[in-house]
Ligand code: 13P
Ligand code: SF4
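Residue numbers (our numbering): 11 to 374.
Printed below as a string of structure tokens:
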């Protein structure tokens, strides 16, 4: 796959430049939402108890993302694991003593856990669950892009393959991207950013750093519609608008709070508003409802002019995780994540750099 890479340049108001790489990305097939088998409350409780027993017997801990099924999230917390954003999932996996890490999320999350814990067993209920950002950043194209710009610091989002991480200087998540780029800005220099163009543009606008952006996007956040959001805000003038920065710039522009999944959850808990419009995966409502049961939560519109609604605010890959699949991987040992040790060693460097940097921020 040899594709010529050109660049489009945009003069920015603040004088810095943002450059979007004009790369022909592979077509991404978004799977249909998976059917979840019906279960009675009793069946569900029995299944959860069986999984909890297996976790205990196998010295295993469950780490779930906020977008996964609410039952998985609740089970993770009830069994001493965690439900978190992707930064906290990596931190938790790196620090936890369990011999087996069970990662309910998408593949890059399991790979990050394996890279940080190569000696441990990492299982995933849905090891085939990918991410459109990861799929949209193949290593051969990305390497070519980096090789053409050797004077740039390569910063990649965690939503990438182990190979792409290994080619980078820094790995970031949405929870720490701004702080890392501000830190790099103090040293001067230019940044090559991949793969989410919306998050990259958001970071560029707030830091003024010169950045070249890979043109990938998240199929879920890409679907939020600015005009329809404006109409919904008009109907709910008291609502605070919470937006994940993977959303398009016109949606981010309407936000009261822009941040990682954790930041958006904290906003629902801490802001005095009684109504919220939320532009991220609706799986996040599970934790939001627990922390603020009396507040009204509305999903930002994905329907409207030009809508494809492939995801409808629900990541089809995150949805591949289920209690049944979790029980199965614990019973059979299927779903184990492997990352070649030499690749893991290379990819660990930029991830560890992020975790070390995060630790310095916590101390401040
Ligand atoms: P967070 O790091 O904010 O949890 O986001 C991960 C993700 O995949 C968002 O789509
Ligand atoms: Fe990837 Fe988007 Fe799904 Fe997050 S919500 S895992 S960025 S496709």
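All residues carry an ideal CB built from backbone N, CA and C; glycine is no exception. Because the structure is a prediction, the values reported are computed rather than measured.
Residues with their Cβ less than 5 Å from any non-hydrogen atom of the ligand 13P, running along the chain, are 95, 96, 183, 184, 270, 271.
When 145, 140, 99, 171 are compared, the shortest CA-CA separation from residue 35 is found for 145. Counting along the chain, residue 302 sits inside no beta strand (DSSP E), nor does DSSP assign it H or E at all. Here the alpha carbon of residue 79 sits roughly 13 Å from the alpha carbon of residue 72.
Under DSSP, residue 226 shares a beta bridge with 206. Taking C-beta atoms under 8 Å as the contact rule, residue 224 and residue 59 fail to qualify, at a distance of about 45 Å. Inter-residue distance for residue 240 and residue 264 is about 8 Å (C-alpha atoms, whole angstroms). Exclusion of residue 92 from the 6 Å shell around the ligand SF4 follows from its C-beta lying no nearer than that to any non-hydrogen atom of the ligand. In this structure, the straight-line span from the alpha carbon of residue 92 to that of residue 177 is close to 29 Å. When distances are taken from the beta-carbon of residue 79 to the heavy atoms of the ligand SF4, even the shortest one reaches 6 Å or more. At least one heavy atom of the ligand SF4 lies less than 6 Å from the C-beta of residue 169. With respect to residue 222, residue 39 sits apart: the two C-beta atoms are not nearer than 7 Å.
Shortest gap from the CB of residue 143 to any heavy atom of the ligand SF4: under 6 Å. Annotation for residue 101: the continuous alpha helix (DSSP H) segment containing it runs 96-105. Of 195, 196, 190, 233, the smallest CA-CA separation from residue 208 is found for 233. Remark: the shortest separation between the CB of residue 291 and any heavy atom of the ligand SF4 falls under 6 Å. If only uninterrupted beta strand (DSSP E) runs of at least 3 residues are considered, those enclosed by the segment 61-135 are 70-75, 92-94, 110-114, 131-133. When secondary structure is reduced to three states using DSSP, residue 33 falls in the coil class, being assigned neither helix nor strand. In the same chain as residue 181, and ignoring 5 residues on each side of it, the C-beta atoms closer than 7 Å to its own belong to 166, 168, 175, 360, 361, 364, in chain order.
When the five nearest sequence neighbours on each side are left out, the beta carbons in the same chain lying within less than 7 Å of the beta carbon of residue 131 are those of 109, 110, 346, in order along the chain.
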